[in-house]
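Using this note's numbering, the letters of the sequence shown correspond one by one to residues 5 to 148.
The structure appears right after this line, and notes come after that.
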Amino acid sequence: MNVPDDVLARLRDACLALPEAYEEPAWVGTRWRIRKKTFAHVLLVEDGRPKWYSDVIGPSGLVVSFRVPPEELHALTNAGPPYYKTVWPDDMICLTLGDDTDWGELAELITDSYLVMAPKSLAKRLVGDTGGHAEDPGNRHRRG
Numbered sequence: 005m006n007v008p009d010d011v012l013a014r015l016r017d018a019c020l021a022l023p024e025a026y027e028e029p030a031w032v033g034t035r036w037r038i039r040k041k042t043f044a045h046v047l048l049v050e051d052g053r054p055k056w057y058s059d060v061i062g063p064s065g066l067v068v069s070f071r072v073p074p075e076e077l078h079a080l081t082n083a084g085p086p087y088y089k090t091v092w093p094d095d096m097i098c099l100t101l102g103d104d105t106d107w108g109e110l111a112e113l114i115t116d117s118y119l120v121m122a123p124k125s126l127a128k129r130l131v132g133d134t135g136g137h138a139e140d141p142g143n144r145h146r147r148g
């Protein structure tokens, strides 16, 4: 089974709005990249496969993984479901998608992931010269 079309469409809207971002098939699922660096990856975990993800989220689920800025890593790591800390890389978080997914917050997390992975010149297109998030990080609160 593949990632549902409506989920792909929502993720595409968030990911492809970012400068020079592109979509491609991943080893499983679909990923979005900036240059050659992945900033978001969506896939379906079924029957415990792929094991790398099922070890983190359980035997099944629809999951998106993304990179997290250092200042948000602790909060998301300790937030609990639907957020899960991956084994590798150190700054990656998985979010299981479901009926209660906050798509606005996910779009912000994807933007943050892009900023982690993008060259500084591209990141500046979103944040200007302030070096901060696309939104004021002082007004963003995470669970946890």
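For every residue, glycine included, the Cβ atom is placed at its ideal position computed from N, Cα and C.
Take the alpha-carbon of P73 and the one of G52: they are about 29 Å apart. Per the Cβ contact rule, the stretch 19-33 is not in contact with the stretch 93-105 (fewer than 3 Cβ pairs under 8 Å).
A check of alpha carbon separations from D9 across T81, S58 and L47 identifies L47 as the nearest.
The beta carbons of G65 and T100 sit closer together than 8 Å. Restricting attention to E75, A44 and R16, the CA atom closest to the CA of A122 is found in A44. L20 and A127 have their C-alpha atoms some 14 Å from each other.
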